[in-house]
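Under numbering that gives the first Met the number 0, the first residue of the sequence shown is numbered 0, with each subsequent residue one higher. Each residue gets a CB set at the ideal place from its N, CA and C atoms; glycine is no exception. Just so you know, these numbers come straight off a predicted model, no measurement behind them. This report concerns only the one structure given below.
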Amino acid sequence: MKFSPSTGALTAASLAGSALAGTYNVADNIVGNGFYNSFGFEAIADPTAGRVNYVDLATAQSLNLTYTNGNSFVIRADDTTVLTASGPGRNSVRVKSNTAYTTHAAIFDIAHMPEGCGSWPAVWETNESNWPAGGEVDIVEGVNNVTPNQATLHTNPGCTIPSSGGMLGTVVNADCNADATGNPGCGVQFTEDKNSFGPGFNGVGGGWYAVERTNSAISVWFWERGSTSVPSQVSSGASSIDTSTWGTPAAYFPSTSCDISTMFDANNIIINLTFCGAWAGQASIYSASGCPSDCVSYVNANPSAFTNAYFEFNAINVYT
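Here's what the structure looks like:
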């Protein structure tokens, strides 16, 4: 998410890891209305300087920017209001898990992700009150409908990753240092699957993202909804999992040149949708995406372009 310091404190205690590497038991099964018990709504100024106005839970509910339907949970952006240049940004939602996690695995069953020119959706983990010293793991992230997904770490200086090996994706930057110019972090693009982000993801009915964090490595996987290779324990939301059976991850960040145990705190899960800002709104990136006008003007003037700017989660299962 290319996070930068903001208000807010980490209040939840971390959860301990399982005894056997790769094997975990479910700690949090989050579905439907359970999202409101497990996540808080952050009505904060956007740390990435986006054209967005994050609203609190009551406002989100009153504006229909969040709702549940059975087991599914939706958060979305306003798609009806034309914005004035001098007024606030587009109403949207940012949520943070009440629990913070150290060693863990998590499976995100996502039916739909936000799309649209100017959009910048993300699912990630960090400690807001100690960024970047507490580390950041971006699991789902991209801008302006450009594929594929990119998983990225942002840390204090002294964390790098190998340029290849142990993963299906392609390393685009090996230095995780958040103080580097532009804060690109150490990113891995999911080049093996163009449907890992944006309209392509939505077109195949979504899929499953999974992350595992140990002191030895951070790994991220992705499977399309119709994939024949998705592990049954992932697709079924099993009560116990063994990540060693999941195959090669899309992104792999080993501890060989990055001490994960000291570079990463107990981190909260954050899900948000911003617009423009430090990544999506860069003029060269926005125009290269094939998007019209300039980012802020487009987001201000075209609310109907964001009818599909929403996350729909079937479930989040966290294992420790």
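For residue 24, the enclosing beta strand (DSSP E) has its first and last residue at 22-29. Burial of residue 148 is indicated by the presence of at least 16 other C-beta atoms within 10 angstroms of its C-beta. DSSP places residue 200 within a helical segment (H, G or I) once states are collapsed to three. Restricting attention to 289, 125 and 86, the CA atom closest to the CA of residue 267 is found in 125. If the five residues before and after residue 250 are omitted, its C-beta is found closer than 6 angstroms to the C-beta atoms of 150, 166, 168, 187 and 219, all from its own chain and listed in chain order.
Within the same chain, and ignoring the five residues on either side of residue 273 in sequence, the residues whose Cβ sits closer than 7 angstroms to its Cβ are 45, 47, 49, 51, 91 and 119. When secondary structure is reduced to three states using DSSP, residue 129 falls in the helix class.
The C-beta of residue 95 has 16 or more other C-beta atoms within 10 Å across all chains shown, which makes the residue buried.
Inter-residue distance for residue 317 and residue 55 is about 24 angstroms (C-alpha atoms, whole angstroms).
Where residue 148 is concerned, there is no enclosing beta strand (DSSP E), because DSSP gives it neither an H nor an E. Annotated three-state conformation of residue 87 is coil, per DSSP.
Residue burial is scored here from C-beta neighbours: residue 36 has fewer than 16 other C-beta atoms within 10 angstroms and is therefore classed as exposed.
Going by DSSP, residue 272 is part of the beta strand (DSSP E) stretching over 266-274.
For residue 71, the enclosing beta strand (DSSP E) stretches over residues 71-75. Here residue 263 really is in contact with residue 133; their C-beta atoms are around 7 angstroms apart, less than 8 angstroms. Looking at the backbone, the Cα of residue 136 and that of residue 254 are separated by about 14 angstroms. When the alpha-carbon of residue 79 is set against those of 245, 89 and 189, the nearest one is in 89. In the three-state reduction of the DSSP assignment, residue 183 falls in the coil class.
In the displayed model, residue 261 falls within a helix according to three-state DSSP.
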